[in-house]
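Participant:
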Amino acid sequence: MALAFSVPTSPSTLKTFKSNFFTAVWCLKLNCETCFHFDLSDRLRRVKFVLKIAIINHDFCGFSGSEIVTLEIANYFASRGGNVVIRAERFSDVFKPNLHERVSVSPHRIDISKFDIVWSQNGHFALNTESLRDLRVWKGIFIASHLSSSTPAEAYHYPFSAKYADGIIFNAERVQEELMSRAPANGFICNFRNAAPKKFHKPNVARSKSLENLLVVSNHLPEEVSSALSILKNSGIVCHHVGIGGMRKLIEPADIHAADAVMSIGKTVQYSLVGGCPVYCYDHFGGPGWLSVSNYELAEKRNFSGRCTAVKKSAEQIVEELLNGYAQAKKFTINKLPFFHERFDLEAILDAFMDQITTSGTENRFNSQDCIDHIDLMRGALLHVEWIWGDVYGREHLLHSQLIKRELEKIQEYQIKQGTAQELANLRVQELEKSNSELEKSRLEAIRVLSISWMVGLAFQPWRAKEWNKIRKMQRRYKNEAM
């Protein structure tokens, strides 16, 4: 069956058609999805018009939460017929095999005024504003995504999006509560609950009666979990670790469906629940353990981060809970599977959110000088952070790498026995890891100092000025040494 659909040709009607494109998609897709997308795409090509969507994040080169959200949101809009461009300050080809054919990654900064929809994370849309003048007449839709209430970028990103975004999307109830307590939002609100794409949704998958195969997903594996895995492996249980220190890869539905249970926090929890796989929620923040009727609601509110409890467990306690609580956790997950499928349906949630925005109509919220000044200030702050990273921290990493090189050359020069050389190398690696950890802390502190709110916070936290001056002195000293 072909869909009867007439595309307007006059400029005025075409403009209205363009602004209501997503509304048309959402209204019709349920009844005639296949023929609709085919017919509409064909007609849009003939009138030389298709929606352009920009997804902007700071990074797109690893497997952190915001990067995976970037991937899934880009693929979502592409599946709905849009041409999608991802822009990140740091990017690689790691996600290339997983991108929809209508998604590309821009190696250069873009101009958001050339796009119909802009989805911004971490406030980095401000670095992609080639012409602030053009933004004042921009007719596109601006959506601000907030995946944390504590990252330094939210100090300036949320106040801006609360005032000017057409839509604001959160990944958890607690994040929404904490950010909205600072400023009410003018745009439409959505908590997408870190939902999982449809490909992860499966009917009940048959799993072992007792725990035989455990998947652990963590980029920061706690020592007690590492010890627990050793105990389980010695007991004959197969354990797979995905993340830093284990296999580095993107979690796929096959990974979830092959496991009897998953130990993780964050987005992997939703993947597991919609796949019918019981979850032991625990990582470096601690956690409640097996998700159950008694702890599920509070765990979800905190985005399954483990922060819902302050409990840190021993390796032996973790092993005991995993083995003794598996059957009950499996029963809980099976019974709640229809609920999980509805609650964590990414495509359905985004369809409803976009339909709400497009059917209500949008206005250009960027048309005031106050808005333009705010964007300009954000852009300056982000660029300043990059300069400091380059002047100070980039040099620190260079010195570390040179130090490692000299250590290796010394080992080769004196031809130290292999065992002694390995011992020295391990000691040096431990020292460098500790040094790098301290460097990361100072980097985060620099970002906090650089946020726009640091000026206001100065009145309440005078130490900020001292930290700022220390960083600037370092910056000037390194620049002088480089001359």
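Just add 78 to the spot in the sequence shown (first one is 1) and you have my numbering. For every residue, glycine included, the Cβ atom is placed at its ideal position computed from N, Cα and C.
Identify, in the order they occur along the chain, each residue of the same chain with its Cβ nearer than 7 Å to the Cβ of residue 251, setting aside the five sequence neighbours on each side.
Facilitator: Result list for residue 251: 269, 379, in chain order.
Participant: Determine which residues share a DSSP beta bridge with residue 197 and list them.
Facilitator: DSSP lists 133, 221 as partners of residue 197.
Participant: Using a Cβ distance threshold of 8 Å, determine whether the segment 185–196 contacts the segment 219–228, with at least three qualifying pairs required.
Facilitator: They touch, by the three-pair rule.
Participant: Please return the same chain residues whose Cβ sits closer than 6 Å to the Cβ of residue 184, not counting the five positions on each side in sequence.
Facilitator: If we look at residue 184 and ignore the five residues flanking it on each side, its Cβ neighbours are 163, 165.
Participant: Suppose contacts are defined by Cβ-Cβ distances below 7 Å. Is residue 323 in contact with residue 295 by that definition?
Facilitator: For residue 323 and residue 295, no; Cβs fall outside 7 Å.
Participant: Closest to residue 331 by C-alpha separation, out of 348, 235, 316, 259, would be which residue?
Facilitator: Nearest C-alpha to residue 331: 348.
Participant: Grab the span of the alpha helix (DSSP H) containing residue 432 for me, first residue to last.
Facilitator: First-last of the alpha helix (DSSP H) with residue 432: 424–438.
Participant: Please confirm whether residue 201 and residue 456 have their CB atoms less than 7 Å apart.
Facilitator: Result yes, Cβ atoms of residue 201 and residue 456 sit closer than 7 Å.
Participant: Let me know the alpha helix (DSSP H) ranges lying completely inside the segment 295–359, each 4 residues or longer, listed in chain order.
Facilitator: Whole alpha helix (DSSP H) segments, 4+ residues: 301–312, 331–336, 345–352.
Participant: Does the beta-carbon of residue 445 have 16 or more other beta-carbons within 10 angstroms, so that it is buried, or is it exposed?
Facilitator: Residue 445 should be labelled exposed.
Participant: Going straight from the alpha carbon of residue 369 to that of residue 277, what length do you get?
Facilitator: Spanning the two alpha carbons is a distance of roughly 23 Å.
Participant: Give me whichever residues DSSP pairs with residue 460 in a beta bridge.
Facilitator: Answer is none; residue 460 lacks a bridge partner.
Participant: Compute the Euclidean distance between the alpha carbons of residue 172 and residue 146, then round it to the nearest angstrom.
Facilitator: Distance between the alpha carbons of residue 172 and residue 146 is about 11 Å.
Participant: Which whole-angstrom value describes the C-beta separation of residue 384 and residue 343, a residue pair presumed to lie in contact below a C-beta threshold of 8 Å?
Facilitator: Yes, residue 384 and residue 343 are in contact; Cβ-Cβ is about 5 Å, under 8 Å.
Participant: Between the segment 384–401 and the segment 427–444, are three or more C-beta pairs nearer than 8 Å?
Facilitator: Judged by Cβ distances under 8 Å, the segment 384–401 makes no contact with the segment 427–444, as fewer than three pairs qualify.
Participant: Taking the alpha-carbon positions, what's the residue 208 to residue 411 distance?
Facilitator: Whole-angstrom Cα-Cα distance: 49 Å.
Participant: Take residue 180 as the anchor and find which of 374, 133, 229, 421 has the nearest alpha-carbon.
Facilitator: That would be 133, whose Cα lies nearest to the Cα of residue 180.
Participant: Let's test the definition: count the other Cβ atoms within 10 Å of the Cβ of residue 408 and tell me whether it reaches 16, buried, or not, exposed.
Facilitator: Buried is the call here.
Participant: If you count every other CB in all the chains shown that lies within 10 Å of the CB of residue 239, and 16 or more means buried, which is it?
Facilitator: Flag for residue 239 reads buried.
Participant: Can you check whether the CB of residue 160 is closer than 7 Å to the CB of residue 435?
Facilitator: No, they are not a contact pair.
Participant: Are the CB atoms of residue 203 and residue 190 within a distance shorter than 7 Å?
Facilitator: For residue 190 and residue 203, yes; Cβs fall inside 7 Å.
Participant: When DSSP labels each residue in this structure, what does residue 385 get in the three-state scheme?
Facilitator: Coil, per DSSP.
Participant: For residue 402, I'd like the list of residues in its chain whose CB is within less than 8 Å of its CB, leaving aside the five on either flank, ordered along the chain.
Facilitator: Answer for residue 402: no residue qualifies.
Participant: What residue from 333, 458, 292, 352 has the CA that sits closest to residue 309's CA?
Facilitator: Ranking 333, 458, 292, 352 by Cα distance to residue 309 puts 292 first.
Participant: Kindly indicate which residue of 416, 333, 433, 174 has the alpha-carbon position closest to the one of residue 281.
Facilitator: Nearest of 416, 333, 433, 174 to residue 281, Cα basis: 416.
Participant: Where does residue 253 fall in DSSP's three states?
Facilitator: Residue 253: helix per DSSP, three-state reduction.
Participant: By Cβ distance, which residues of its chain are closer than 8 Å to residue 315, with the 5 residues on each side in sequence left out?
Facilitator: Closer than 8 Å at Cβ, skipping near neighbours: 289, 290, 291, 292.
Participant: Hey, out of 136, 447, 362, whose CA is closest to residue 167's CA?
Facilitator: It is 136.
Participant: Where does residue 350 land, buried or exposed, given buried means 16+ other C-beta within 10 angstroms?
Facilitator: Buried.
Participant: Using three-state DSSP, classify residue 270 as helix, strand or coil.
Facilitator: Residue state, collapsed to three classes: coil.
Participant: Roughly how many angstroms separate the alpha carbons of residue 443 and residue 174, rounded to a whole number?
Facilitator: Cα-Cα distance, rounded: 34 Å.
Participant: Counting only C-beta atoms, is residue 401 closer than 7 Å to chain D at any point?
Facilitator: Reference to chain D is not applicable here, since this structure consists of a single protein chain.
Participant: Which residues mark the beginning and the end of the beta strand (DSSP E) in which residue 182 is found?
Facilitator: From DSSP, the beta strand (DSSP E) with residue 182 extends over 181–184.
Participant: Just how far apart, CA to CA, sit residue 423 and residue 508?
Facilitator: Taking the straight line joining both Cα atoms gives about 43 Å.
Participant: Between residue 283 and the rest of its own chain, which residues show a CB-CB distance below 6 Å, the 5 nearest in sequence each way excluded?
Facilitator: Cβ neighbours of residue 283 beyond the five flanking positions: 335, 354.
Participant: State the Cα-Cα distance for the pair residue 470 and residue 169, rounded to the nearest angstrom.
Facilitator: Reliability fails at residue 470, whose pLDDT of 48 lies under 50, so the model's placement of it is uncertain and no value is given.
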